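Data first, discussion second: the structure below is written as C-alpha cells.
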Amino acid sequence: MGLLDILLGRTKPVAPDLDRLFALPSAAVTLEAAAGFRPTGSGAVCFATVEGAAFDQTHREVQALLDADAAREGRPVRLARDDYGYSWLVSRRSPDQLPDLVNDLHAVNSAMEVNGFGPQLLCSLVGFEDDREQRLALVYLYKRGTFYPFAPLPGATERRDNPLELRVKAALGDDLRIEQDLNRWFPVWGAPGL
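The opening position of the sequence shown corresponds to residue 98 in the working numbering, with each subsequent residue numbered one higher.
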C-alpha cells in the first residue's frame with residue numbers, strides 16, 4: 098500500500114484466514130449458553146459457479162473427498178444451487194459433530210483456494226436452532242475473514258430477526274472475528290444448509 102492509497106483512503110483487502118473456521122466449536126458453546134442455540138449439524142460453502150474443465154475437475158475432487166468420508170458414515174453430501182445461481186456444497190453431520198463439520202467446510206474452501214478458485218468463494222455457513230425452532234446461521238465471509246449472524250424470521254418471507262442478530266454479535270465478540278460493518282451482513286435467503 099502506497100502513500101497515494103493512504104491519502105485516498107484505500108485499504109488493503111483482508112486476506113482470508115480459513116483457520117478462523119476452527120473457532121466455531123468453541124463459539125457454539127458460548128452461543129448455546131448465551132442464546133440457547135445449538136448446532137443442527139448442517140453447513141455449506143457457497144461459491145460462484147464457473148464454467149470450464151479446471152473448475153469441473155476441482156469440483157469433482159472436492160465432492161469425491163467429502164463423498165468418500167460421507168459414505169463411510171452414511172451421511173449425504175450434496176451440491177445445490179440457490180435461486181440466485183450460486184452453488185452450495187452442503188455437508189450434514191449429527192449435531193454433536195460440529196468439529197467434523199467445520200473440517201468439511203475447511204477442506205472444501207482449501208481445495209478451491211489451492212486450485213486457484215479462491216476468488217469464486219463467497220461464504221461458508223453453519224446452521225443453528227433453538228427450542229422454538231428459530232433458525233440461525235453463522236456466516237463466514239471468505240473475502241473479509243469475518244463472521245456475522247443471519248437469523249431469518251420463521252414463517253416470514255425474507256424478513257430477519259435483527260435484534261437476535263445483534264444479541265448474537267454481542268455474545269460472540271470474544272469468540273469470533275465479527276464483521277463490524279452491518280451493511281456486509283448479507284442475507285442468505287434460501288441457503289441450503291440453513
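Positions of the beta carbon are idealized from the N, C-alpha and C atoms, including for glycine. What you are looking at is a predicted structure, and each value in this text was computed from that prediction instead of being measured.
Excluding five sequence positions before and after Leu-128, the CB atoms of its chain that fall closer than 6 angstroms to its own CB belong to Phe-134, given in chain order. By the criterion of a C-beta distance shorter than 6 angstroms, His-203 is surrounded in its chain by Leu-115, Leu-118, once the five residues flanking it on both sides are discounted.
For Ala-124 against Asp-272, the beta-carbon gap comes to about 4 angstroms, under 8 angstroms, which counts as contact.
Taking the Cα of Val-147 as reference, the smallest distance to any Cα among Val-159, Gly-140, Val-236, Gly-182 is reached at Gly-182. Trp-282 sits away from Glu-255, with the two beta carbons spaced by 8 angstroms or more. If you ignore the 5 residues before and after Ala-145, its C-beta comes within less than 7 angstroms of the C-beta of Tyr-183, Gln-217, Leu-219, all in its own chain and listed in chain order. A distance below 6 angstroms between beta-carbons, with the five flanking residues on each side excluded, links Pro-122 to the following residues of its chain, in chain order: Leu-195, Pro-196. Residue Arg-189 holds the alpha-carbon nearest to the alpha-carbon of Asp-201 among Ala-177, Tyr-239, Arg-189, Ala-120.
When Asp-153, Pro-246, Tyr-239, Lys-240 are compared, the shortest CA-CA separation from Leu-233 is found for Pro-246. Where Ser-188 is concerned, the enclosing beta strand (DSSP E) starts and stops at 184-189. Contact between Arg-257 and Ala-132 is ruled out by a C-beta separation of about 15 angstroms, above the 8 angstroms threshold. In the structure shown, Leu-222 adopts extended strand secondary structure according to DSSP, grouped into three states.
Per DSSP, Ala-145 lies in no alpha helix (DSSP H) and is assigned neither H nor E.
Per the coordinates, the alpha-carbon of Gly-149 lies some 39 angstroms from the alpha-carbon of Pro-251. Of the candidates Asn-206, Pro-260, Ser-191, the residue whose Cα lies closest to the Cα of Gln-160 is Asn-206. For Arg-232, the enclosing beta strand (DSSP E) has its first and last residue at 232-238.
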